[in-house]
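In short: position in the sequence shown from 1, add 237, done, that's the numbering used here. Where a beta carbon is used, it is the ideal one built from N, C-alpha and C, also for glycine. Comments concern the structure below.
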Amino acid sequence: MSALNCLSSRCRDVQEGRPRPAPGSRLCGRCGDKLGRDLAELPRLHRDLLYALSAPERSGEKVRATGYPGIPFNDRAARVRGQVVGVLASWAELVVQERGVRPPARDAQALAAFLLRHHDWLGGHEAAGDWADEVAELISACRRVITPQVIRMVPIGACVAPGCPGELNAGAQSTIRCTADPTHVWGPRSWSELRRRLERVSA
Ligand SMILES: [Zn+2]
Ligand SMILES: [Zn+2]
238 MSALNCLSSR
248 CRDVQEGRPR
258 PAPGSRLCGR
268 CGDKLGRDLA
278 ELPRLHRDLL
288 YALSAPERSG
298 EKVRATGYPG
308 IPFNDRAARV
318 RGQVVGVLAS
328 WAELVVQERG
338 VRPPARDAQA
348 LAAFLLRHHD
358 WLGGHEAAGD
368 WADEVAELIS
378 ACRRVITPQV
388 IRMVPIGACV
398 APGCPGELNA
408 GAQSTIRCTA
418 DPTHVWGPRS
428 WSELRRRLER
438 VSA
């Protein structure tokens, strides 16, 4: 029943003819192990993309304004986040239908954990090659967005601290800093607080 060679199109040993799949699998041991590691890493990358969301893209061209002036929004990070959940959900759906098991929650962490529990079964599936390729593509897509970006400073406006003469700029690590006082700094997690203060200032 098993294919003659490893089904992964990214199999390392393509030149020498792809290696035989591991017993019960359609992937060789190396590709099967890599797939397991990739899958275990995806929830973390998905979370890291949250921070890239507010960073300018590397080209600097595709940044668009969010609801409040000056704070950039990375479209590509948002798209890749959606892609991670979408691809994992569609493979989970296949497992649910073919194995008659209960579906996991539709979030990256739950989906990856669920698919890891069905790792061996998926490795023996006739679509195992596509499965391995799609996970590898998700990993590369995440890394392309997360890779440290060229530092660009994006001006936000006057500092919101009372009496502070500084200007706010968004820069590395999606952090907004004041030019006058180094303690006036907002990371991505405190942006909603900063936004409220900016709105109050401009109102
Ligand atoms: Zn292989
Ligand atoms: Zn300040």
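If I measure Cβ to Cβ from residue i and keep anything under 7 Å in the same chain, skipping five residues before and after, which residues do I get?
i: Glu-245; result: Before going on, a small fix: residue 245 reads as Ser here, not Glu. Result list for Ser-245: Leu-264, Cys-268, Gly-366, Ala-369, Asp-370, in chain order.
i: Val-338; result: Val-332
Under the criterion of a Cβ to heavy atom distance below 7 Å, does residue i qualify as lining ligand 1?
i: Pro-341; result: no
i: Pro-256; result: yes
i: Ser-327; result: no
i: Leu-264; result: yes
i: Arg-267; result: yes
i: Ser-427; result: no
i: Ser-245; result: yes
i: Cys-396; result: no
Given a cut-off of 8 Å on the beta-carbon distance, is the pair residue i and residue j in contact?
i: Ala-345; j: Leu-325; result: yes
i: Leu-286; j: Ala-329; result: no
i: Leu-282; j: Val-322; result: no
i: Glu-436; j: Ile-376; result: no
i: Val-382; j: Val-317; result: yes
i: Ala-407; j: Gln-320; result: no
Can you tell me whether residue i is buried or exposed, with buried defined as 16 or more other CB within 10 angstroms of its CB?
i: Arg-354; result: exposed
i: Ala-259; result: buried
i: Ser-411; result: buried
i: Arg-433; result: exposed
i: Val-397; result: buried
i: Pro-419; result: exposed
i: Ala-342; result: exposed
i: Val-422; result: exposed
Give the straight-line distance between the Cα atoms of residue i and residue j, rounded to the nearest whole angstrom.
i: Arg-249; j: Ala-364; result: 19 Å
i: Leu-352; j: Arg-414; result: 41 Å
i: Val-391; j: Arg-426; result: 18 Å
i: Gly-261; j: His-362; result: 9 Å
i: Arg-284; j: Ala-395; result: 31 Å
i: Val-300; j: Leu-405; result: Low confidence applies to Val-300: its pLDDT is 49, below 50, so where it sits in the model is not reliable, and the reading given next is rough at best. Cα to Cα, Val-300 sits roughly 18 Å from Leu-405.
i: Trp-428; j: Pro-256; result: 50 Å
i: Pro-306; j: Ile-393; result: Note that Pro-306 scores 46 on pLDDT, short of 50, meaning its location in the model is unreliable and no value can be drawn from it.
i: Ala-289; j: Glu-374; result: 18 Å
i: Arg-247; j: Ser-327; result: 21 Å
i: Cys-243; j: Gln-334; result: 25 Å
Leaving aside the five residues before and after residue i along the sequence, list all residues of the same chain whose C-beta is less than 6 Å from its C-beta, in chain order.
i: Pro-402; result: Ala-417
Any heavy atom of ligand 2 inside 7 Å of the beta-carbon of residue i?
i: Asp-357; result: no
i: Ala-417; result: yes
i: His-283; result: no
i: Gly-403; result: yes
i: Ala-407; result: no
Here's a check: name, in chain order, each residue in its chain whose Cβ is nearer than 8 Å to the Cβ of residue i, leaving out the five neighbours to either side.
i: Leu-276; result: Ala-349, Leu-352, Leu-353, His-356, Val-372
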